[in-house]
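Chemist:
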Amino acid sequence: MPPGIRGPLAYVGTLRGALVTVGIFASAVGLATAAVLPELRSLGLGIFASGAAALTFLAMATLMRPYHRVARRTQRYELASLVSVLALTGIVALFNYVIVQSDVVADLTASEQYTLAPQTLDTLTERLDAPVEATAFIVDDSNAVTPLEALIAERMVDYLREFERRSGGRFSYQVIDPERFPDIAYSKEVTQWPSVVFENANAGTRQKVVATSNPEQEFLTALLVVLGLSQKSIYVLDGYSSWDLTDQNDPDAPQTLGFALRGLEGDSYNVGVLNLIEDPRIPDDASLIIAAAPDHELGIEDGTALNAYLEGGGRLLALLQPDLPGSWRALIARWGIDALEGYVIDPDSHVAGSEWVPLVGNEGYASTEVTSEASTTFFPSLAPLWVVRAPEDMPTLVDLKPIALTSENSFASDRIERVRRLSTDLGGPFMVGVIARVRGPVDRPVPASAPVTTVGVFGDADFVSNRYFYAFSNSDLFLNTVNHIAGDDALVSIRPKPTVFREMAMTPRELEIVRYIGWFLLPLLVALFGSAVWWVRR
Amino acid sequence: MRRVLAITYRETQANFVSPIAYVIALVFVSLTGYFFVDAMSASAFPEATVEPYVGRATFILALLGPLLTMRLLAEERKLGTLELLMTSPVRDWEVVIGKFAGAFVVVISAIALTSVYVGLLFLYGNPDPGPIFTAYIGLALFAGAALAVGLFTSSLTSNQIIAAVLSYGILALLSVIHLAADHVGGAPATLLRELSMVVHFEDFLRGVLDLRHVAYYISVVVVLLYFTTRTLELGRWR
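Protein chains in written order, with my numbering: chain P, 2 to 539; chain L, 11 to 248.
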């Protein structure tokens, strides 16, 4: 054994020996914890870092002992300084590494703008089983884009950064200026920007997202698509209504479902149109059938197909209007919901001056799953809904959830313009919308093993027309209801967070005051105060 | 701790009875005021946010910080008062922390003056308080890091100009180092981004309080103050 170095037993019972033991023990336990228990990785690394730091200090001190005997005092001090500086730097680096792993973040924006939804986090942490790369095509030159485009691009990059941070290294992104590198944009078939291309190199899949105001939802959809996870399909029935299903441009169109269908596509669904009159077969991949504003009777073959689909555990969302054809009324009655005659007039809660447009606020909602994110909604020309019989008299009923109710003083009027209640009018409250889960039709006994059918009904379709879809929380209520009925746990709905533009409202005079304070008053006060102090001290 | 507070008090007092603190504050509020008013005048309905002037205030702090710190130790060394200080019954780290805290008080006072702009935002608009809070937290941390860099370079030389230029060099490097990340990729790119003072500031402006950014700035302060202390101690043995 070299002179000056003692045997291990000599350290037993000393502080140095205790520190070595604790250091080795902490390092081993920390490493084992980090390796075996991923959820305690940060803690494990922290323990390991502490142990390693203690051992480093002791090792340095031990190594320097012989040196102390031979070197000059200044040299010893320089070496000691160097060692301590390196040790501290190492400890700080380790500390930062542990902090980076801990991922403690607080989003203090009012709308939690940068907090990913649990569904997104679940996908990024649990379901991202292959590396996915994204390329964002964003023009660098701020003069070449409008302020709105710049804002959208900024938000898209914010979300890409958040996706990368939360993915545990399995998702990465780069930002490319398509005007500087048009060849890259061309190679990825990008012709408009800002846009983002998601690619799964292993599977060779690619999905493009063009400028979006809801990056989280659309990025998540793109991610799921390139990972090869299927999208659910929703079919909208055609041929029973005079409503237009295609127009996605006219924001004032009253009897158009274009915006609502675009909303469904934004919620990760494949949306198709189904005409049962021409071909009475319902595709096997149908997760939900939507019947919007039906005003034509169901035929025999198509009606049979629709009933068979429902009896087999299908899902239907019916957006009704007053004066509903009898075959449709009979169809939903089989599942426990009664569409009553007339229009709902609500003297207590309605859009100003229009008693025939019931307004539903927080107190009117009944189902928290569907209405948790909805604030105010309204329903022009609402048909009153109720149940065909008491729930206890429907043995096949699994559950029945009203979505919203009109007020106590509402009533069903035979004419839309009549706002005074007659003694013959049926009194409210009525259900604005309802979701029933039934194990077979309520009008006949069925075996307990029968599949569960889900039928959602709204007494109004206008609230999802282009004209009203983005008014108040109408779109949220509709999309949440679809998500709920579709039983969607693979592909999810994430409502876009409200982007509030917090603007200053200043008159020209007030702007002058701001200018005066910012440019003159504040600097002048500081200068005056400083001058006064200097004068006194002088 | 009592001695640290005493040095802090003495340094703060020295700054505020001399023109230094006021010149720093004047330049800071003038420039931030210009950026604030400029943003408010940019459109008919400007956004009620502190981002236009807080974002640029980091640049102003990187300019003013070294001017404030360059004299702290370099001047003492040049005048020969550092030896006096070193032989007084205070520890080296107490001197370093006291001087750092004295400079920090000046900068925080200058930053606090800009709360007038926050008041105007609330008076004429409806700003989101979260990002304002985080932006000011970030600004204070950035200021601390800039001052720590300045104090460290001040401990290396007796020439104030050299100390300031060295500070500018280090701060400039730490401000642009992330730009090199685009050219290297992989782990080195991550490391370069993690070293950047600018990258770590971005989340504060957005309203996100991320512990790793806080840890980064605190680490810069701790490491550089420790370096400064060791430099002073080494000087004692030479």
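Cβ atoms here follow ideal geometry from the backbone N, Cα and C, with glycine treated the same way.
(1) Within the 8 Å Cβ cut-off, does V84 of chain P reach chain L?
(2) Confirm the yes/no value for this check: CB of A16 of chain L, any heavy atom of the ligand MN, distance under 7 Å.
(3) Give every residue of the same chain whose Cβ lies closer than 7 Å to the Cβ of V37 of chain L, excluding the five residues on either side of it in the sequence, and list them in chain order.
(4) Alpha carbon to alpha carbon, how far is V140 of chain P from I177 of chain P?
(5) Could you check where the beta strand (DSSP E) with L275 of chain P kicks off and where it finishes?
(6) Is there a Cβ of chain L sitting closer than 8 Å to that of I100 of chain P, yes or no?
(7) Can the beta-carbon of G217 of chain L be found closer than 8 Å to that of D108 of chain P?
(8) Beta carbons nearer than 7 Å to chain L: which residues of the stretch 429 to 451 of chain P have them?
(9) So, is the C-beta of V194 of chain L closer than 8 Å to a C-beta in chain P?
(10) Per DSSP, what kind of secondary structure is R580 of chain P in: helix, strand or coil?
(11) Beta-carbon of Y270 of chain P versus every beta-carbon of chain L: anything under 8 Å?
(12) Starting from A506 of chain P, trace the alpha helix (DSSP H) both ways and give me its first and last residue.
(13) Please list, in chain order, all residues of the same chain as A156 of chain L whose beta carbon is under 7 Å from its beta carbon, the five residues on each side excluded.
(14) Ends of the beta strand (DSSP E) at D159 of chain P?
(15) So, with DSSP's three-state summary, where would you put K209 of chain P?
(16) With 16 other CB atoms within 10 Å as the buried threshold, where does W336 of chain P fall?
(17) Tell me, please, whether the CB atom of D254 of chain L is closer than 8 Å to any CB atom in chain P?
(18) Would you check if the distance between the CB atom of S382 of chain P and the CB atom of D463 of chain P is smaller than 8 Å?
(19) Run through DSSP, which three-state label would N215 of chain P get?
(20) Leaving aside the five residues before and after L80 of chain P along the sequence, list all residues of the same chain whose C-beta is less than 6 Å from its C-beta, in chain order.
(21) At a cut of 8 Å, does the stretch 165 to 182 of chain L reach the stretch 109 to 126 of chain L through at least three beta carbon pairs?
(22) Which residue marks the beginning of the alpha helix (DSSP H) containing T144 of chain L, and which one marks its end?
(23) Is there at least one Cβ from chain B nearer than 8 Å to M50 of chain L's Cβ?
(24) Which same chain residues, not among the five before or five after W103 of chain L, have their C-beta less than 7 Å away from its C-beta?
(25) Establish whether the CB of D339 of chain P and some CB of chain L are separated by less than 8 Å.
(26) Between the alpha carbons of G169 of chain P and L161 of chain P, how many angstroms are there, rounded?
(27) Note down the Cα distance separating L219 of chain L from F211 of chain L, rounded to an integer number of angstroms.
(28) Leaving aside the five residues before and after G441 of chain P along the sequence, list all residues of the same chain whose C-beta is less than 6 Å from its C-beta, in chain order.
(29) Any beta-carbon of chain L closer than 8 Å to the one on Y115 of chain P?
(30) State yes or no: is the C-beta of P195 of chain P within less than 8 Å of the C-beta of E150 of chain P?
(31) Once DSSP output is grouped into helix, strand and coil, what is the label at Y32 of chain L?
(32) Return the residue from the list L:A16, L:A113 and L:S28 that minimises the CA-CA distance to V100 of chain L.
(33) Pick out whichever of L:L202, L:V14 and L:V27 has its Cα sitting closest to the Cα of W535 of chain P.
(34) Given this structure, state the Cα-to-Cα distance separating D138 of chain L from G229 of chain P, to the nearest angstrom.
(35) Can you list the residues of chain L that V133 of chain P reaches, using a CB-CB cut of under 8 Å?
(36) Count the other C-beta atoms from every protein chain shown that fall within 10 angstroms of the C-beta of Y146 of chain L, then say buried if there are 16 or more, exposed otherwise.
Modeler: Let me spell this out:
(1) no
(2) No copy of the ligand MN appears in this structure; indeed no ligand is present at all.
(3) L74
(4) 8 Å
(5) N271 to L275
(6) yes
(7) yes
(8) none
(9) no
(10) Coverage of chain P is limited to positions 2 through 539, which leaves residue 580 of chain P absent and any answer about it impossible.
(11) no
(12) Looking at the DSSP string, A506 of chain P is not in any alpha helix (DSSP H), and its letter there is neither H nor E.
(13) L71, A72, G75 and L181
(14) From DSSP, D159 of chain P is part of no beta strand (DSSP E) but of the alpha helix (DSSP H) over P148 to R167.
(15) strand
(16) buried
(17) Residue coverage of chain L in this structure runs from 11 to 248, which leaves residue 254 of chain L outside it and unanswerable.
(18) yes
(19) coil
(20) none
(21) no
(22) P139 to L166
(23) In summary, chain B is missing from the structure at hand, where the protein chains are P and L.
(24) T239
(25) no
(26) 13 Å
(27) 10 Å
(28) T397, V447 and A451
(29) yes
(30) yes
(31) helix
(32) L:A16
(33) L:V27
(34) 40 Å
(35) Ordered by position in chain L, no residue passes the 8 Å Cβ test against V133 of chain P, which lies about 17 Å from the chain.
(36) buried
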